[in-house]
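The structure appears below as structure tokens.
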Amino acid sequence: MNDVTPADSPDQPDQPNQFGGAAGLPARSGRPDRDGEHDRPDQPDQPNQFGGAAGPPTQAAKGRPRPESLGRGRVIFAGLVCSNCATMFLIAGSGVYTASAMTEFNAMHLLGMAFALESLARCFTVSLAGRLGQRVGRRQLFLAALAVYCAAAIICATATGPGGFITGRALMGLTWGLFEVNTFAMMADLYTARQATKRAGYAQALGLAAMLAAGPLTGLMSDHFSWRVSLWAALPLLVIAWLMVAAGQCQTEARSAARPEPIDLAGAVALAATLVPFSLAMAWGGSVRPWSSPAILWLLGLALAGAIGLVTAERRAVAPLLPARILRHRPFLVVLLIAMLHNMVAAAGNYLPAFAQSVLGTTATVSGLVGSPSLLTAAIMAGPLGRYLARSGRYRAVVVLWGVLLVAAGALFATFGAATAIWFIVLTSAVQGLAQGPMQVVPYTYPIISLPPDQVAAGIAVMAFAGVFANTLANGIFAAVANTGLVNVFKVSVLFALLALVVSLVFRDRSFRPGGMVR
54 MNDVTPADSP
64 DQPDQPNQFG
74 GAAGLPARSG
84 RPDRDGEHDR
94 PDQPDQPNQF
104 GGAAGPPTQA
114 AKGRPRPESL
124 GRGRVIFAGL
134 VCSNCATMFL
144 IAGSGVYTAS
154 AMTEFNAMHL
164 LGMAFALESL
174 ARCFTVSLAG
184 RLGQRVGRRQ
194 LFLAALAVYC
204 AAAIICATAT
214 GPGGFITGRA
224 LMGLTWGLFE
234 VNTFAMMADL
244 YTARQATKRA
254 GYAQALGLAA
264 MLAAGPLTGL
274 MSDHFSWRVS
284 LWAALPLLVI
294 AWLMVAAGQC
304 QTEARSAARP
314 EPIDLAGAVA
324 LAATLVPFSL
334 AMAWGGSVRP
344 WSSPAILWLL
354 GLALAGAIGL
364 VTAERRAVAP
374 LLPARILRHR
384 PFLVVLLIAM
394 LHNMVAAAGN
404 YLPAFAQSVL
414 GTTATVSGLV
424 GSPSLLTAAI
434 MAGPLGRYLA
444 RSGRYRAVVV
454 LWGVLLVAAG
464 ALFATFGAAT
474 AIWFIVLTSA
484 VQGLAQGPMQ
494 VVPYTYPIIS
504 LPPDQVAAGI
514 AVMAFAGVFA
524 NTLANGIFAA
534 VANTGLVNVF
544 KVSVLFALLA
554 LVVSLVFRDR
564 SFRPGGMVR
């Protein structure tokens with residue numbers, strides 16, 4: 054997980070990504086040279102993580118591509134862009150095709166489970182993917198995970214009932230966490246810091262375009278053909294991406310001579326032992342089983358035991374998922390909490406297409422359009438905020454604005470009902486996108502100025518992991534709330550927004566200075 058960080062400078066925020074924040078590149082502990090590049094430490098002659106032999110510590114070992122590797126390196130980059138676009142299309146369209154599938158299967162009571170288990174699977178593998186990629190090789194992990202992801206998409210597309218569809222969705226989340234985390238890390242291996250930042254921006258821009266097209270196109274496919282067509286439509290691009298990455302070659306990055314950080318397997322298992330029974334209890338309680346039934350009570354008890362085990366495992370771990378030394382930095386912790394609460398509010402957006410179709414009676418095409426404004430306003434908002442923060446270095450005003458916008462979005466959500474007009478839902482989506490703007494910039498640039506250089510990568514990893522973890526918790530809670538009516542999902546989200554505003558008001562600017570002091 055610690056392979057994923059944002060772009061090299063706060064004034065270059067990336068477009069919205071699947072983590073709920075800005076996607077970026079592996080953090081580098083080296084200081085920039087006169088050209089603005091980051092040199093990597095010299096590394097000995099060892100096999101590189103793409104399977105090729107890396108030479109002595111020349112420019113290539115510092116991240117500058119060798120001339121003979123550029124051609125096939127471009128093939129890998131093109132494959133990474135293709136996979137990112139295809140997966141962003143499927144993720145952004147999941148609300149539409151999942152609602153259509155559950156309607157076809159007459160299983161709307163399992164809608165929350167479809168979202169909760171996919172998010173749960175993603176949370177588990179995102180926590181392991183970075184370090185696992187360091188050990189087995191990023192390209193090898195990418196290829197294996199993407200192959201299984203394609204198989205999972207086929208399982209979804211051919212499902213004849215809710216069980217097969219939900220299983221496929223969970224498997225898609227499980228494998229997505231493995232290959233997507235390493236996508237931007239491989240871009241950093243292919244190019245210098247400046248080049249990689251530029252190309253990651255291109256990839257994110259194309260991914261954003263795929264997300265914008267996903268809702269309307271998935272709705273049109275569902276109305277005129279079948280929801281299954283949207284899954285089949287993405288498969289050719291995924292296969293092409295796999296072939297490109299498999300055919301490409303790169304010799305830009307040598308493995309580190311130092312022993313890689315150990316994988317926190319105990320923490321990951323305890324995390325799964327917490328979230329799996331919690332998600333199942335939330336999805337089944339009040340629908341499949343009464344809340345007072347022994348099965349639900351046992352699941353909640355197992356979740357509590359898992360949470361205790363998680364705390365114990367993290368205290369003993371050499372490289373914990375949530376390092377205590379970073380969490381002791383109070384301003385960082387405040388930003389972390391707001392980011393988590395933001396992801397819990399944003400999780401309600403998964404239910405917008407289902408709400409439009411099943412409550413308001415719209416077509417799948419219309420339901421696919423209601424979420425598009427949030428992507429547009431988020432992209433528009435992120436740019437000015439990034440430039441302001443780069444000039445001023447002051448985050449308090451932006452953090453407070455973040456909390457205010459979240460409350461505004463949550464208040465609009467809370468007014469949803471059976472007679473809500475489509476234009477009002479579109480307005481709410483746009484306001485939610487404004488709140489997403491700070492999410493693209495603050496959590497993924499504040500660690501760079503607030504933490505010592507040797508803690509920046511871990512800080513970014515904690516931000517990304519905590520976001521997915523919060524989204525998983527929210528999906529579990531919303532799964533239970535959805536059983537009492539989809540409208541109630543939006544009413545509950547305002548509580549998370551209010552908590553975010555309260556937390557934002559206690560934020561104070563503090564940044565790291567090279568002398569080791571915090572100002």
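Just so you know, we're using our numbering here: the sequence shown kicks off at 54 and counts up by one. For each residue, glycine too, the CB sits at the ideal point set by N, CA and C. Because the structure is a prediction, the values reported are computed rather than measured.
Note to self: Can you tell me whether ARG281 is helix, strand or coil according to DSSP?
What the structure shows: helix
Check: When you compare each of VAL495, ALA432 and TRP476 to VAL387 by their alpha carbons, which one comes out closest?
Finding: VAL495
Check: What distance in whole Å lies between the Cβ atoms of ALA417 and SER275, which are believed to be in contact at a cut-off of 8 Å?
Finding: 4 Å
Notebook entry, point to check: So who's on the other strand from GLY338, going by DSSP bridges?
Noted result: ARG342
Checklist line | Sequence-distant residues of the same chain with beta carbon closer than 6 Å to ALA139, five excluded per side | finding: ALA287, LEU290 and LEU291
Next item on the list: With a 10 Å radius around its C-beta and 16 neighbouring C-beta atoms as the bar for buried, classify GLN96 as buried or exposed.
Entry: Caution is warranted here: a pLDDT of 38 is assigned to GLN96, below 50, making its placement in the model unreliable, and the coordinate value is therefore given only provisionally. GLN96 should be labelled buried.
Notebook entry, point to check: Do the segment 431-442 and the segment 540-547 make contact, defined as three or more Cβ pairs closer than 8 Å?
Noted result: no
Check: Are the segment 496-516 and the segment 420-429 touching by the rule of at least three beta carbon pairs closer than 8 Å?
Finding: no
Check: Given ASN403, which residues of its chain have a CB within under 6 Å of its CB, disregarding the five upstream and five downstream residues?
Finding: GLY148 and PHE168
Note to self: Need the endpoints of the alpha helix (DSSP H) that THR430 sits in, please.
What the structure shows: 425-445
Check: Quick one: what's got a C-beta closer than 7 Å to PHE331's C-beta in the same chain, skipping five residues either side?
Finding: ALA356 and GLY529
Check: Roughly how many angstroms separate the alpha carbons of LEU24 and MET516, rounded to a whole number?
Finding: No answer is possible for residue 24: the residues shown for the chain start at 54 and end at 572.
Next item on the list: Please determine if the segment 166-183 and the segment 519-527 are in contact, where contact requires at least 3 C-beta pairs separated by less than 8 Å.
Entry: yes
Check: Which runs of the alpha helix (DSSP H), 4 residues or longer, sit entirely within the segment 478-561?
Finding: 506-535 and 539-557
Next item on the list: Please list, in chain order, all residues of the same chain as ALA550 whose beta carbon is under 6 Å from its beta carbon, the five residues on each side excluded.
Entry: VAL398, LEU459, VAL460 and GLY463
Note to self: Tell me the rounded alpha-carbon separation between ALA294 and ALA262.
What the structure shows: 18 Å
Check: Apart from the five residues on each side of it in sequence, which residues of its chain come closer than 8 Å, Cβ to Cβ, to ALA321?
Finding: PHE177, SER180, LEU181 and LEU374
Next item on the list: Would you mind giving the Cβ-Cβ distance between PHE232 and LEU199, rounded to the nearest angstrom? I have them listed as a contact below 8 Å.
Entry: 5 Å
Checklist line | Residue span of the alpha helix (DSSP H) that contains GLY359, given as start and end | finding: 347-369
Next item on the list: Determine the DSSP secondary structure at LEU459, reduced to helix, strand or coil.
Entry: helix
Next item on the list: Have a look at TRP351 and LEU333 and give me their C-alpha separation to the nearest angstrom.
Entry: 11 Å
Checklist line | Cα-Cα separation, GLY146 to ILE219 | finding: 15 Å
Note to self: Looking at the secondary structure, which residues open and close the alpha helix (DSSP H) in which THR418 lies?
What the structure shows: 417-422
Notebook entry, point to check: If we ignore side chains and look at the alpha-carbon of each, how far apart do PRO269 and SER546 end up?
Noted result: 25 Å
Margin query: Report the CB separation of ASP562 from TYR441 in whole angstroms; it is logged as a contact under 8 Å.
Written below: With 8 Å as the limit, ASP562 and TYR441 do not qualify as a contact, their Cβ atoms being about 13 Å apart.
Notebook entry, point to check: Can you give the Cα-Cα distance for ILE144 and ALA212, rounded to whole angstroms?
Noted result: 18 Å
Notebook entry, point to check: Given a threshold of 16 other Cβ atoms within 10 Å of its Cβ, counted over all protein chains shown, does VAL234 qualify as buried or as exposed?
Noted result: buried
Margin query: Helix, strand or coil for LEU173? Go by DSSP, reduced to three states.
Written below: helix
Note to self: Excluding the 5 residues flanking TYR499 on each side, which residues of the same chain have their C-beta closer than 8 Å to its C-beta?
What the structure shows: PRO384, PHE385, VAL388 and TYR448
Checklist line | Exposure of TRP344, with buried meaning 16 or more beta-carbon neighbours within 10 Å | finding: exposed
Notebook entry, point to check: If we ignore side chains and look at the alpha-carbon of each, how far apart do ALA533 and TRP337 end up?
Noted result: 7 Å
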